[in-house]
Amino acid sequence: MTVLSRILFDSLCFTFTLGPKRKATGVLHRERPTKWSELRRMNEFPSEFDPARLIETMSRNGHNKLIGTRYHGHGEGWCELALPYSETLVTDTASGILASGPIFTLMDMATSLSIWLKTGTFQPQATLDLRIDYLRPARPGNTVIGHGECYHVTKSIAFIRGHAHDGDPDKPIAHVAGTYFFTASA
Amino acid sequence: MKTSFSPYAQTMGFEEQRDADGRLVIAMPYSDGVRGRPGFVHGGALAGLLETIAYATLSEALGEDDRPLIKPVNVTATYMRGAVEVTTYARATIERLGKRIANIEAIAWQDDIEKPVAMAQINVMLDRSGRS
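As they're listed, the protein sequences go chains W and Y. For the first sequence, position 59 matches number 59 in our numbering, and the numbering has no gaps at all. Residues are numbered in our numbering as their position in the second sequence, beginning at 1, plus a constant of 186.
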């Protein structure tokens with residue numbers, strides 16, 4: 001890991017572990033000794049970016065901790081997260097079927113991470129919209145894998161798609177499509 | 187009618203309320219468990235809240251004698267404002283309740299219902315084939 005990506009990564013982790021009253025952007029600026037333009041030129045950055053560590057850090061905090069999201073895999077422009085089955089997340093005790101909310105969160109996370117892996121830079125972003133189609137329920141007891149992919153970015157908007165499965169990638173349980181906007185681009 | 191909350195809804199800390207018109211409202215108090223980026227509620231938690239109010243409102247509209255399986259078909263969530271560290275409320279409107287399909291719109295707000303933080307269009311299938 002180069003010094004630059006190391007610094008960026010630490011800033012990223014720090015952003016996600018900040019106390020709620022502190023402004024993340026302020027800390028990023030204070031901690032960052034390089035310019036965004038330099039970071040944007042780092043074409044090799046995606047291969048050195050370590051989503052596993054970032055996600056494990058994020059999993060120890062906030063909503064991800066509550067639902068138990070885990071790192072599963074990544075590549076250029078895509079990211080996979082795992083959602084282990086939990087009885088605290090079911091929609092109906094009798095059937096044991098997972099609620100759709102945690103799957104929505106899983107896909108929101110996987111697709112938003114895929115944008116950083118696509119661009120190789122960390123730009124603050126917010127979900128504009130996300131549509132999810134539930135093809136069938138996840139089988140009770142199975143870990144759900146969420147695959148998020150960023151397939152296009154403009155100056156302001158990132159376009160994403162993804163799917164989730166519960167063991168067999170050829171038999172998806174859900175598909176998603178959506179957009180994010182870069183909050184600092186306006 | 188009392189809506190029985192799922193384990194997921196309990197995990198999220200959802201609370202059932204009524205507005206001045208007697209309409210069902212679900213409150214999601216702010217906690218570390220719903221936090222996304224620092225200072226803001228996670229979009230996934232908001233989507234979960236919007237889905238839950240949609241299914242609860244639908245369940246109430248169907249009544250005690252009609253209990254089909256409610257199967258989610260799709261959810262389109264739109265985020266309009268960052269939801270900050272206060273309680274988020276949600277309510278839903280059933281746009282159409284058919285025999286097999288229901289179309290529901292849900293909104294979430296914090297201090298001012300005129301300034302929603304998120305909304306969702308939710309389509310569900312009503313399965314009366316005998317399971318449940």
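Cβ atoms here follow ideal geometry from the backbone N, Cα and C, with glycine treated the same way. Just so it is clear, the structure is predicted and the values come from calculations on it, not from any experiment.
Own chain, CB closer than 6 Å to residue i, minus 5 neighbours either side, in chain order
i	result
W:H163	H147, P172, H175
W:P266	Only positions 1 to 186 of chain W appear in the structure, and residue 266 of chain W is not among them; the question remains open.
Y:A278	I239, A240, T243, I290, A292
Y:A195	T238
W:D166	A138, R139, N142, V144, I173
Y:E201	A213
W:N64	M58
Y:T264	M305
When the options are compared against residue i, the one with the closest alpha-carbon
i	options	result
Y:L289	Y:R221, Y:N260, Y:S217	Residue 289 of chain Y is actually Asn in this sequence, not Leu. Of the candidates Y:R221, Y:N260, Y:S217, the one whose C-alpha sits nearest the C-alpha of Y:N289 is Y:N260.
Y:A276	Y:Q196, Y:I212, Y:A206, Y:Y194	Y:I212
Y:H228	W:P51, W:G62, W:K118, W:I55	W:G62
Y:L248	Y:R286, Y:A294, Y:A269, Y:P302	Y:R286
W:A158	W:D168, W:A177, W:F104	W:A177
W:L81	W:T88, W:D108, W:T91	W:D108
W:T110	W:R70, W:T119, W:K65, W:S156	The residue asked about is misnamed: residue 110 of chain W is Ala in this sequence, not Thr. Ranking W:R70, W:T119, W:K65, W:S156 by Cα distance to W:A110 puts W:R70 first.
Y:P258	Y:G268, Y:V270, Y:Q307	Y:Q307
Y:P254	Y:D207, Y:R314, Y:K301	Y:R314
W:D168	W:W78, W:N142, W:F122, W:I160	W:N142
Y:V272	Y:F226, Y:D207, Y:A206, Y:Q203	Y:F226
Y:R267	Y:I280, Y:M214, Y:D251, Y:W295	Y:W295
W:G75	W:T91, W:G101, W:S114, W:S59	W:S114
Y:A269	Y:S192, Y:N309, Y:P215, Y:A206	Y:P215
W:T127	W:D133, W:T121, W:G120, W:C150	W:C150
W:G120	W:Y134, W:C79, W:L135, W:S86	W:C79
Y:S192	W:I55, W:G77, W:P51, W:G101	W:G101
Counterpart residues of residue i in DSSP-defined beta bridges
i	result
W:D92	W:I97
W:P172	W:H165
W:F182	W:Q125
Y:R204	Y:L210
W:A177	W:R131, W:R161
Boundaries of the beta strand (DSSP E) in which residue i is found, first to last residue
i	result
W:R161	157 to 165
W:L83	78 to 83
W:G73	70 to 75
Y:L312	304 to 313
W:E149	144 to 153
Y:T274	274 to 283
Y:Y216	Per DSSP, Y:Y216 belongs to no beta strand (DSSP E) and is neither H nor E.
Y:P258	255 to 265
Residue-chain proximity (residue i, chain W), Cβ-Cβ < 7 Å
i	result
Y:T262	yes
Y:R221	yes
Y:Y275	no
Y:A231	yes
Y:G208	no
Y:D218	yes
Y:D313	no
Enclosing alpha helix (DSSP H) for residue i [first to last residue]
i	result
Y:G234	229 to 248
Y:P193	193 to 198
W:R53	51 to 59
Y:N289	No alpha helix (DSSP H) holds Y:N289; the beta strand (DSSP E) holding it covers 287 to 295.
W:L66	62 to 67
Residue-level contact to chain Y via CB, residue i, 7 Å cutoff
i	result
W:T143	no
W:G96	no
W:Y134	yes
W:L39	Residue placement at W:L39 is flagged as unreliable, the pLDDT there being 43, under the threshold of 50; the coordinate-derived value follows with that caveat. W:L39 does not count as touching chain Y.
W:L81	no
W:V90	yes
W:L117	no
W:F104	yes
W:D129	yes
W:G101	yes
Residue i: CB within 6 Å of a non-hydrogen atom of the ligand MG
i	result
W:P137	Of ligands this structure carries none, so the ligand MG is not represented either.
Sequence-distant residues of the same chain with beta carbon closer than 8 Å to residue i, five excluded per side
i	result
W:D129	G178, T179
Y:G222	H228, G229, G230, A231
W:F182	Q123, P124, Q125, K155, S156, I157, A158
Y:G199	M214, P215, S217, G219, V220
Y:E281	N289, I290, E291
W:P84	G68, R70, T143
Y:G234	Y194, M198
Contacts around residue i, its chain only, beta-carbon distance under 7 Å, and the 5 residues preceding and following it disregarded
i	result
Y:L283	A247
W:R131	V176, A177, G178
W:S86	G68
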